[in-house]
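Protein chains in written order, with my numbering: chain C, 1 to 237; chain S, 238 to 621.
Taking it in order: structure first as structure tokens, then the write-up.
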Amino acid sequence: MNPSPLAVRCQNVVKIYDTGDQKVTALNGVNLEIAMGELMMLVGPSGCGKTTLISVIAGILDQDDGYCEVFGEDLLSMSNQRKLNFRARNIGFVFQAFNLLPALTAAENVSVPLIINGMKRSDAERKAVAVLEQVGLGARVTALPSELSGGQQQRVAIARALIHSPRLIVCDEPTSSLDHETGHNVMTLLKEVALHKDRALVIVTHDARIFDFADRIAEMDDGHIVGVKGAGLKAKG
Amino acid sequence: MNHIAIKMLMGDRGKYLGIVMGLTFASLIMTQQPAIFLGLMSRSYSFISDVGLPDIWVMDEKVQFVDDIKPLQDTELYRVRGISGVEWAMPMYKGLLKARLADGTFQTCNVVGLDDATLIGGPPVMLEGSIEDLRRSDGIIVDIDGARDKLGKPTPGGERIPLKIGDSVELNDHRAIVVGIAKVTRTFQSQPVVYTTYSRAKNYAPKERKLLSFVLVKAKQGQDLAELTRRIRATTGLAAYTGEAFKTLTYEYFMHNTGIPINFGISVLLGFIVGAAIAGQTFYNSTLENLRQFGVLKAMGTSNWVLLRMILLQAVLVGTIGYGLGVGLTALFGYSMRNSILAFKFPWQLLMFSGAGVSLICIFAALLSIIKVIRLEPAIVFKG
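Rendered as structure tokens:
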């Protein structure tokens with residue numbers, strides 16, 4: 001059996017933030033591989049570099065050293081425009097604070113990635129309604145984010161991350177603003193709807209209650225990957 | 238993305254209204270104050286506009302504006318008439334004389350003496366009577382505003398009974414009978430205007446050797462006016478201006494020698510600064526509050542160029558609405574004041590001026606926001 005192709009391959013990735021007075025090393029030689037069809041969780045204490053790592057993987061932050069390849073493409077060597085197009089087509093985002101545009105309805109929020117990719121607004125919104133139905137929000141397509149509960153907002157965010165069929169979805173603490181049951185439902189949805197063999201999911205989390213959903217868990221500390229635990233293993237809380 | 242930009246702009250109704258109100262205020266001040274200023278300044282030469290028939294005004298070379306009368310000898314009239322290219326030349330007296338009212342008080346009037354034979358230079362619109370009535374003994378024509386107000390007969394209650402045809406007035410101790418009421422354009426000083434014949438005006442005026450104020454000249458058909466004015470100057474040594482040039486001379490005198498432009502200029506500048514501060518600050522704050530949303534769009538693959546277009550669209554939208562409201566309010570103000578003493582002139586150039594002012598504010602506001610958004614790191618989306 002052939003091994004799954006790699007979605008992400010990071011080698012010795014270094015990122016240093018220059019705050020003026022001092023330099024802070026956020027990533028200090030990170031090595032990580034994520035396969036297609038895999039749900040990888042990044043865990044570790046605050047400030048260990050998890051968010052910096054998914055920012056590099058998602059192509060919204062350039063590393064200072066090392067190599068990061070996403071679907072076989074070196075993000076650092078891409079021009080800005082190519083990187084924008086790459087992100088628009090290949091990456092979906094789910095955020096801790098949902099980051100929905102408050103003035104747009106659920107359907108309009110979900111349609112944004114398609115509009116960025118050049119689809120006509122009416123077609124994009126039609127497709128958005130279909131995806132919202134898929135995540136169980138078919139009845140709330142015209143609701144504004146302020147009219148939705150936290151769980152519903154995160155479902156809208158998941159629909160937005162899925163609508164343009166990206167090959168990589170990066171999630172930053174997707175359940176930490178939600179209660180246990182809602183968080184569990186959101187993870188079930190992510191696993192059932194978002195994850196398939198042509199897509200990888202990277203989730204940054206502190207929430208030990210959702211570790212069971214991971215295929216693998218990479219534990220980070222002080223800018224390093226200190227250990228990767230395989231499927232079914234529960235990381236230290 | 239335009240639809241998203243508009244929704245982002247209008248999402249916070251309070252901020253959106255704040256930006257529009259700021260721009261409306263700026264547009265209103267930058268249109269209304271100059272309109273009043275232009276109205277006032279146009280009054281400085283309204284007398285020249287009212288005397289429409291002559292092509293050229295001849296006067297003493299030291300005259301600086303229309304009310305700066307430096308009398309000529311009557312013989313100058315004949316010298317001008319002798320210049321080739323002159324169809325006709327008529328005398329005009331213009332001077333300030335005191336009228337004694339029924340209650341014994343005095344009112345300064347702008348007395349205009351017209352050529353006895355032709356009555357050229359008379360009021361533009363007669364409301365009652367006819368200009369020919371000036372030929373009647375002691376006849377004068379009074380402007381309607383003066384007749385109603387300053388020359389009206391005072392009553393014990395403080396109100397004034399308007400002068401009417403047949404009433405008499407004392408002009409410099411000479412009896413004058415109202416034979417007509419005219420409509421004239423309000424002048425800068427807003428004194429009552431009294432028309433009479435040239436010879437009668439000379440009787441009313443204090444005795445002086447020289448009393449001729451202007452020689453009004455009509456050029457022969459096909460005569461080049463610039464050439465004729467040069468010829469009149471060269472021949473007589475007097476100043477000669479076309480009607481438009483005389484208006485400009487008067488206008489520029491008021492511009493350079495009164496504080497009016499500075500006062501109105503300060504108002505306009507304040508309107509611009511306050512408008513820019515309110516609209517610019519609110520627009521920028523609105524962008525700052527939407528910064529995370531711009532970051533999300535950037536992370537999802539929206540280019541800086543598209544974000545720039547979105548901000549420009551927002552600026553153009555609020556600018557257009559604010560400008561339209563401000564200009565509309567100015568027009569409404571002018572319309573509601575059309576019968577009042579207020580000076581108001583609203584030419585199309587003023588629309589361009591205030592439009593340019595509002596555009597500058599919008600560009601300034603948009604520029605601050607654009608710089609912020611272009612420098613924005615998309616990684617902000619993962620910050621708590």
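All C-beta atoms, glycine included, are put in the ideal place defined by N, C-alpha and C.
- What is the DSSP secondary structure of S:LYS335, reduced to helix, strand or coil? S:LYS335 falls in the strand class under three-state DSSP.
- Query: Looking at C-alpha atoms only, which residue of S:LEU408, S:PHE601, S:ARG372 and S:GLU407 is the closest neighbour of S:LEU549?
  - Reply: Nearest C-alpha to S:LEU549: S:PHE601.
- By a C-beta neighbour count over all protein chains shown, 10 Å radius and 16 as the cutoff for buried, is S:LYS387 buried or exposed? Of the other Cβ atoms in all chains shown, 16 or more fall within 10 Å of the Cβ of S:LYS387; this residue is therefore buried.
- What residues from chain C crowd round S:LYS244, counting only those whose CB sits closer than 8 Å? Per Cβ cutoff of 8 Å: LEU101, ALA103, LEU104 and GLU108.
- Task: Could you tell me whether the Cβ of C:ILE54 comes closer than 9 Å to any Cβ of chain S?
- Result: Using beta-carbon distances, C:ILE54 counts as an interface residue toward chain S, with a partner under 9 Å.
- For S:SER606, the first and last residue of its enclosing beta strand (DSSP E): Not the beta strand (DSSP E): S:SER606 falls in the alpha helix (DSSP H), residues 585-611.
- Between C:ALA88 and chain S, is there a C-beta pair that is closer than 9 Å? Between C:ALA88 and chain S, the shortest Cβ-Cβ separation is below 9 Å.
- Query: When you check each C-beta in the stretch 190-213 of chain C against every C-beta of chain S, which residues fall closer than 7 Å?
  - Reply: The stretch 190-213 of chain C vs chain S, Cβ under 7 Å: nothing.
- Query: So, helix, strand or coil for S:VAL300, using DSSP?
  - Reply: Here DSSP, grouped into helix, strand and coil, assigns S:VAL300 to coil.
- Query: What's the call for C:PRO5, buried or exposed, on a 16-neighbour Cβ count within 10 Å?
  - Reply: Result: exposed.
- Message: Tell me which residues share the same chain as S:MET492 and place their Cβ nearer than 8 Å to its Cβ, disregarding the 5 neighbours each side in the sequence.
- Response: If the five residues before and after S:MET492 are omitted, its C-beta is found closer than 8 Å to the C-beta atoms of MET278 and PRO498, all from its own chain and listed in chain order.
- Spell out the partners DSSP gives S:GLY417 in its beta bridges. In the DSSP output, where bridge partners are listed per residue, S:GLY417 has S:ILE378.
- Cβ contact (3+ pairs, closer than 8 Å) linking the stretch 121-135 of chain C and the stretch 101-111 of chain C: Yes: at least three Cβ pairs fall under 8 Å.
- Query: Taking the alpha-carbon positions, what's the S:VAL415 to S:LEU351 distance?
  - Reply: Distance between the alpha carbons of S:VAL415 and S:LEU351 is about 16 Å.
- Query: In three-state DSSP terms, what is C:ASN99?
  - Reply: It is coil, neither helix nor strand.
- Message: Assuming C:PHE93 is part of the beta strand (DSSP E), what are its boundary residues?
- Response: Boundaries of the beta strand (DSSP E) harbouring C:PHE93: 91-94, taken from the DSSP string.
- Reducing DSSP to helix, strand and coil, say where C:GLY227 ends up. Under the three-state reduction of DSSP output, C:GLY227 falls in the strand class.
- Inter-residue spacing [alpha-carbon to alpha-carbon] between C:GLY92 and C:ASP74: Per the coordinates, the alpha-carbon of C:GLY92 lies some 18 Å from the alpha-carbon of C:ASP74.
- Nearest to C:GLY136 (by Cα), restricted to the options C:LEU84, C:LEU190 and C:ILE116: Looking at C:LEU84, C:LEU190 and C:ILE116, the one whose alpha-carbon comes closest to that of C:GLY136 is C:LEU190.
- Heavy atom of the ligand SAM within 8 Å of S:LEU364 beta-carbon: The ligand SAM is not part of the structure shown, which contains no ligands of any sort.
- Tell me the start and end of each unbroken alpha helix (DSSP H) in the stretch 452-488 of chain S that is at least 4 residues and wholly inside, in chain order. The qualifying runs are 462-473.
- Message: Any beta carbon of chain C sitting closer than 9 Å to that of S:GLU489?
- Response: Not closer than 9 Å to any Cβ of chain C, the Cβ of S:GLU489 fails to qualify, so no.
- Item | At least 3 beta-carbon pairs within less than 8 Å: the stretch 262-275 of chain S vs the stretch 408-424 of chain S | The stretch 262-275 of chain S and the stretch 408-424 of chain S do not touch, with fewer than 3 CB-CB distances between them shorter than 8 Å.
- Query: CA-CA distance, S:SER427 and S:LEU569?
  - Reply: Using only the alpha carbons, I get a separation of about 24 Å.
- Where C:GLY160 and C:LEU168 are concerned, what is the direct C-alpha to C-alpha distance, given to the nearest angstrom? Checking the sequence, you will find Arg at residue 160 of chain C rather than Gly. Distance from the CA atom of C:ARG160 to the CA atom of C:LEU168, rounded to whole angstroms, is 13 Å.
- Query: Nearest to S:ARG316 by CA position, among S:ILE368, S:ILE285, S:ARG470 and S:GLY417, is which residue?
  - Reply: It is S:ARG470.
- Message: Between S:LEU364, S:GLY359, S:LYS582 and S:SER450, which has its C-alpha nearest S:LYS299's C-alpha?
- Response: Checking every option, the nearest Cα to that of S:LYS299 belongs to S:SER450.
- Any idea what DSSP makes of C:ASP65, helix, strand or coil? Looking at C:ASP65 - three-state DSSP - the assignment turns out to be strand.
- Message: Suppose you measure from the CA of C:ALA88 to the CA of S:ALA536; what does that come to, to the nearest Å?
- Response: Linking C:ALA88 to S:ALA536 through their CA atoms gives a straight-line distance of about 8 Å.
- Item | Residue-level contact to chain C via CB, S:SER577, 9 Å cutoff | With 9 Å as the cut-off, S:SER577 does not count as an interface residue toward chain C.
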